[in-house]
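Asker: Below: one structure in C-alpha cells.
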Amino acid sequence: MMATMLIDLDHLLANPIYDATRCSIGFHPLHTLFPIIIYLVACFIPKTRYIGIGLIIHMLLDSIDCQMTNGIWFT
Ligand SMILES: [Zn+2]
C-alpha cells in the first residue's frame, strides 16, 4: 500500500507544487486517462491488485477534491 504513495511524487513535478484551484486529474502525467486504465487493469491482476486499488482510490480522492473546489471531475 505504501507504494501507492509514490504516485504523489508526480504532484511534486508540478509547479507550483500545490494549487488548490488546480485539478490533479488530467494535469499530472500519472493522473491522466492512459495511466488510470493501467491502474484499473492492475486491480484485476492478483500480484498488483493492492497497488491498483490504492492508485484508483488515490485518483478518486483527487477527483473528489477537484469536484469540491472546482465543480469539475477532471481537467
Ligand atoms: Zn494525486
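In terms of my numbering, the sequence shown opens at residue 43 and continues consecutively.
The beta carbon of each residue, even a glycine, is placed where N, CA and C say it ideally should be.
(1) In whole angstroms, what is the alpha-carbon distance linking residue 101 and residue 94?
(2) Got a sec: does ligand 1 put a non-hydrogen atom nearer than 8 angstroms to the Cβ of residue 110?
(3) My guess is that residue 49 and residue 97 are in contact by the Cβ rule of under 8 angstroms, so how many angstroms apart are they, rounded?
(4) Apart from the five residues just before and just after residue 69, which ones in its own chain have a Cβ nearer than 6 angstroms to its Cβ?
(5) Under the three-state reduction of DSSP, which class applies to residue 85: helix, strand or coil?
Answerer: Result, derived from the coordinates:
(1) Here the question's residue 101 lines up with position 59 in the sequence shown. Here the question's residue 94 lines up with position 52 in the sequence shown. C-alpha separation (whole angstroms): 11 angstroms.
(2) To locate residue 110, count along the sequence shown from 1; it is residue 68. Checking the Cβ of residue 110 against ligand 1 gives no.
(3) Within the sequence shown, numbered from 1, the residue matching residue 49 stands at position 7. Within the sequence shown, numbered from 1, the residue matching residue 97 stands at position 55. So it is a contact: roughly 6 angstroms between Cβ atoms.
(4) On the sequence shown, residue 69 is found 27 positions in, with the first residue counted as 1. Taken in chain order, the residues that qualify are 117.
(5) Residue mapping note: residue 85 aligns to position 43 of the sequence shown, counting from 1. Looking at residue 85 - three-state DSSP - the assignment turns out to be helix.
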